[in-house]
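One structure is given here, and the rest of the page talks about it.
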Amino acid sequence: MDRFLVEGGRKLKGTVQISGSKNACLPILVASLLTDDPFVLHRVPNLRDVRTTLKILTALGKQVSFQDGTVTIAANGKLKNKLPYELVKQMRASFWVAGPLLARFKAAEIPLPGGCALGARPVDIHLRGFERLGARCVMEKGNVLLSAKALHPAKITLRFPSVGATQNLMMCACLIPGETILENVAKEPEIDDLAAVLSKMGAVVFADGKGRLVIQGKSQLRGMEHTVVADRIESGSYMLAAAATRSDVRVEGCVPEHNSILLDYMEEAGVPLEIGPNYVHIKPYDTPIKPLRIKTAPYPGFATDLQAPWMTFMTLATGAAEVDEDIFENRFMHAPELVRMGADITTEKSIARINGVKSLSGAHVMASDLRGGFALLIAGLCANGTTEIERVYHIDRGYENPEGKLNALGAKVTRYNPDKDDF
Ligand code: EPZ
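All the letters of the sequence shown, read from the start, carry residue numbers 625 to 1047 under the numbering used here.
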């Protein structure tokens, strides 16, 4: 398995281009199941999770090609409505196929996604919504069996604004003629991007500004062409890499307002930055980093996916900072690894307390999830000496060519495989 060797203590300088959003393109690719027409998506990042999703679509019977950031999907005979466990266990987001398959076939068999490093991650909100639309959900041998004589529009209130449940139910409702209302939905920008795609396919999907999505479903949906929105988690991750290393970096091709709460906190922490229409320029500074308390929340609150990179930034603050992870029950696996690098962090339930230290030291560490892995990468850039990061495949799930983008900014990150390369 690949590892990263990171040479610390180097300033970054230059411009980094942000890729299309992983968390927008995964559900949009799944939405291609709602039609047999040709379906084209641009600015798709070349990520492990994208390749897994394309394998899933192929396994279900679609013809798929992925070239220079563009995915083209076409029908290739009858679609299947059963998904092999092998693919689901690699990626929780594969459960998003439930909505489209239920809508098209009134029956689907999807392996229940297991938990992951972040916690149990149930799908009860998805299933409750499908039941409200007229489906029967039965669990059998680790699979979810969905079936319905007929599906009908409904008014569904989500008990929590789950991103995935919102997207799954949006896709299902778009193929049910009539008006479905989803209440207490997620408001992430990835939801807006999926809504734009479903509208291009012929459904009517709009947010009524009261935290509700109003969906006019149709009996048939057409193909479409779309360009994916910029990845706000990748852009926030590079902004924090620049701030933590006190570098001069222009993060380009992003949507700054999708990172507005992060930018507010970074400015409050003392980071000088300039916000443009599609870029954020992080400027060098030598003043102290002010320790802050943050709490993760559904959008537009502080993104849980940026909690780990933010924690690395706070390890170098002057004083005591605090992170309250309110979305996932186990999202501090990066903390003990940062402690191995000299950080002073204690965690108790959903709270991590960080006492800033003067510097971090390179060490041999291990990534446990994609965002925690990038947090270790940032720590390696800041640390004195060399850091070796194991299980880089986690980082590859959500970051396109991370070592290429960082090395173009003057970093020294080397990818190697100890089983193959002799270093
Ligand atoms: C999406 O996951 C993202 N993944 C996650 O990004 C992100 O962290 C998360 O939203 C929150 O923003 C994709 O978009 C592919 P949720 P999702 O349903 O949809 C609980 C990354 O780093 N819950 O909003 O799975 C759940 O356990 C990944 O790119 C239920 O209890 O997140 C969690 O505690 C990691 N029942 C909370 O809600 C349900 O039916 C938020 O989950 C569904 C969710």
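Built from N, CA and C at the ideal position, the CB exists for glycine as well.
Which ranges does the alpha helix (DSSP H) cover as unbroken runs of at least 4 residues, wholly within the region 678-761, from first to last along the chain?
709-712, 722-729 and 748-756
Have a look at R745, F830 and R756 and flag the residue whose alpha-carbon is nearest the alpha-carbon of A717.
R745
Closest by C-alpha distance to V768, when choosing among A774, V787 and A731
A731
Please state if the CB of A655 and the CB of L818 are separated by a distance shorter than 8 angstroms.
yes
Per DSSP, cross-strand counterpart(s) of V674:
V674 pairs with nothing; no bridge assigned.
Is it buried or exposed for V762, if we count other Cβ within 10 angstroms and need 16 for buried?
exposed
Comparing alpha-carbon positions, which option in Y709, K686, G638 and D692 lies nearest K702?
K686
Could you check which residue in E876, N670, L736 and K1036 has the C-alpha nearest to that of G900?
E876
DSSP three-state call for E949: helix, strand or coil?
coil
Run the CB neighbour count on F830, radius 10 Å, all protein chains shown included, and call it buried at 16 or more, exposed below.
exposed
Run the proximity test for T928: is its beta-carbon closer than 7 angstroms to any non-hydrogen atom belonging to the ligand EPZ?
yes
Which residues mark the beginning and the end of the alpha helix (DSSP H) in which F937 is found?
Q931 to M938
Between which two residues does the beta strand (DSSP E) holding R1015 run?
It is not in any beta strand (DSSP E) - R1015 carries neither H nor E in the DSSP assignment.
Alpha carbon to alpha carbon, how far is I1019 from L681?
23 angstroms
Determine contact between the region 660-672 and the region 1003-1015, defined as no fewer than three beta-carbon pairs at a distance below 8 angstroms.
no
I'd like to confirm something about P746: is its beta-carbon nearer than 7 angstroms to some heavy atom of the ligand EPZ, or not?
yes
CA nearest to the CA of L650, picked from L629, W720, T659 and F952
W720
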